[in-house]
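Going down the list, the sequences are from chains A and B. Taking my numbering, the leading residue of the first sequence gets 1, the next gets one more, and so forth. Taking my numbering, the leading residue of the second sequence gets 1001, the next gets one more, and so forth. Where a beta carbon is used, it is the ideal one built from N, C-alpha and C, also for glycine. Report on one structure; see the data block that follows.
Protein chains: 2
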Amino acid sequence: MVSLIQERSRDPVLLTWYRFVRVLRKLVSQMDEPIKDLNVSRYQFDLLMQVAFEEGINQQTCAQRMNVTKGNITQHLDRMEKQGLVQRQKQGRTNCLYLTEKGTELVDDFMPIHDQRVKEILSILTQEELRQFQSILRKFDRKLD
Amino acid sequence: MVSLIQERSRDPVLLTWYRFVRVLRKLVSQMDEPIKDLNVSRYQFDLLMQVAFEEGINQQTCAQRMNVTKGNITQHLDRMEKQGLVQRQKQGRTNCLYLTEKGTELVDDFMPIHDQRVKEILSILTQEELRQFQSILRKFDRKLD
DNA sequence: AGTTAATAGTTTAGCGCTAAACTTTCTGTG
DNA sequence: CACAGAAAGTTTAGCGCTAAACTATTAACT
Chain A
1 MVSLIQERSR DPVLLTWYRF VRVLRKLVSQ MDEPIKDLNV SRYQFDLLMQ
51 VAFEEGINQQ TCAQRMNVTK GNITQHLDRM EKQGLVQRQK QGRTNCLYLT
101 EKGTELVDDF MPIHDQRVKE ILSILTQEEL RQFQSILRKF DRKLD
Chain B
1001 MVSLIQERSR DPVLLTWYRF VRVLRKLVSQ MDEPIKDLNV SRYQFDLLMQ
1051 VAFEEGINQQ TCAQRMNVTK GNITQHLDRM EKQGLVQRQK QGRTNCLYLT
1101 EKGTELVDDF MPIHDQRVKE ILSILTQEEL RQFQSILRKF DRKLD
């Protein structure tokens, strides 16, 4: 048994998988750092960006675009509404979402920092590697539907 | 402002980032599926694999190898010990971890299925792409320390 | 119009994870 | 030897996420 497990631990495909999981965890936590200072998480910021991109968007659409459940959106909005970043406007059964002034300010201030951070991390790849990376991700993306 | 945001939404580097985050979420949830049937999560299974790989390993080492906090390991072990999959053996201030019979059985039964699943997902990449992917991940891995 | 379906949102229980404060045990140095 | 500090584990508060059951509104069909 032991030898089987040790053999397994040298399998390049499995090693790639574990590295993938590990790298993502690191990447995401790196991304979170600068946002913590503003008392807004990366997830909340992404949500804010959705609303900034399309004012009046509803929660369902947000959930679909961010690939999360609508329950999750509800929870984040609860907190963000309390923080005065965003507003729900009930229209029948749907909620239309709008940025408050404070929310708009935060997006304006932080978007460049956020983007800079992403680019800084991805800048370790060459043009060619970035192209390869995109193509690989697209493949996964298509496969996993 | 709107035009700036819309311009941003076409930036290839940012698009790559968002795709990366999205793809990982999908990949991880795919990986979880077959494990759910056995009442063991992927994380618990990975932990089980650590113990199988090195019987008598301690929690701290597990935490380091899995890139998680030791508090997290404590929590998982609590549940897994209740399920009778693993045993703690206190030795001074450290806990030595051992698989129970049930735990060993689960590893034996499930390891091939788990590995098959990983390989199936990664098999959409060509040899060349897998090589590229590994090299890209290694770069991130080194950068993020 | 009245009943059935689907759709939007909320709630709740629970897993996964962290950070930070807290025991307990082990060094190491004067 | 004693006492400071490091190291291993535990606890707790809290965020991020899901699934599933729930409410409320709208659509659709006869």
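DSSP places LEU1038(B) outside both helix and strand once states are collapsed to three, so it counts as coil. Neighbourhood of LYS102(A) in chain B, by CB distance below 9 Å: empty, with the nearest CB roughly 15 Å away. Against chain B, a Cβ distance below 8 Å from THR16(A) picks out LEU1122, LEU1130, PHE1133, GLN1134, LEU1137. Using a CB distance below 9 Å, the part of the segment 1081 to 1112 of chain B facing chain A consists of THR1104, VAL1107, ASP1108, MET1111, ordered along the chain.
By the neighbour-count criterion, in which 16 or more other beta carbons inside 10 Å mark a residue as buried, THR1016(B) falls on the buried side. Spatial neighbours of LEU1125(B) in its own chain (CB-CB distance under 7 Å, excluding positions within 5 residues in sequence) are listed in chain order as PHE1133.
For the pair LYS102(A) and LEU77(A), the CB atoms are not nearer than the 8 Å cut-off. Across the structure, LEU1047(B) and LEU24(A) are spaced so that their CA atoms are roughly 18 Å apart. Within the same chain, and ignoring the five residues on either side of LEU27(A) in sequence, no residue has its Cβ closer than 6 Å to its Cβ. The DSSP assignment places 70 to 82, 101 to 122 as complete runs of the alpha helix (DSSP H) inside the segment 63 to 126 of chain A, in order along the chain (cut-off: 4 residues). By the rule that beta-carbons nearer than 8 Å mark a contact, LYS1143(B) touches chain A. Cβ atoms of ALA52(A) and ILE1005(B) come within 8 Å of each other, at about 5 Å. Taking the Cβ atoms as the reference, LEU97(A) lies roughly 6 Å from ILE57(A), within the contact range of under 8 Å. For SER1041(B), there are no C-beta contacts with chain A under 7 Å, since the nearest C-beta of that chain is about 13 Å from it. A straight-line Cα-Cα distance of about 13 Å links VAL1021(B) and LEU122(A). Its Cα nearest to that of ARG65(A), the residue TYR1018(B) stands out among LEU1014(B), TYR1018(B), ASP1115(B). For the 8 Å CB-CB criterion, GLN1091(B) and THR1100(B) do not form a contact. Among the residues of chain A, those whose CB is under 8 Å from the CB of LEU1125(B) are ILE136, LYS139, following chain order.
When the alpha-carbon of ASN1039(B) is set against those of LYS1119(B), LEU1106(B), GLU1120(B), ARG1117(B), the nearest one is in LEU1106(B). Chain-order list of chain B residues neighbouring LYS119(A): VAL1013, by C-beta distance under 7 Å. With a threshold of 8 Å between beta carbons, GLN30(A) makes contact with chain B.
The beta-carbon of ASP37(A) is placed no less than 8 Å from the nearest beta-carbon of chain B. The beta carbon of THR104(A) sits closer than 8 Å to those of ALA52, all from its chain and outside the five residues before and after it, given in chain order. Linking GLN1050(B) to ASP141(A) through their CA atoms gives a straight-line distance of about 30 Å. Distance from the Cα of SER41(A) is smallest, within the candidate group LEU14(A), GLN60(A), VAL13(A), HIS114(A), for HIS114(A). Close to ARG1010(B), with beta-carbon spacing below 7 Å, lies no residue of chain A; the smallest spacing is near 11 Å.
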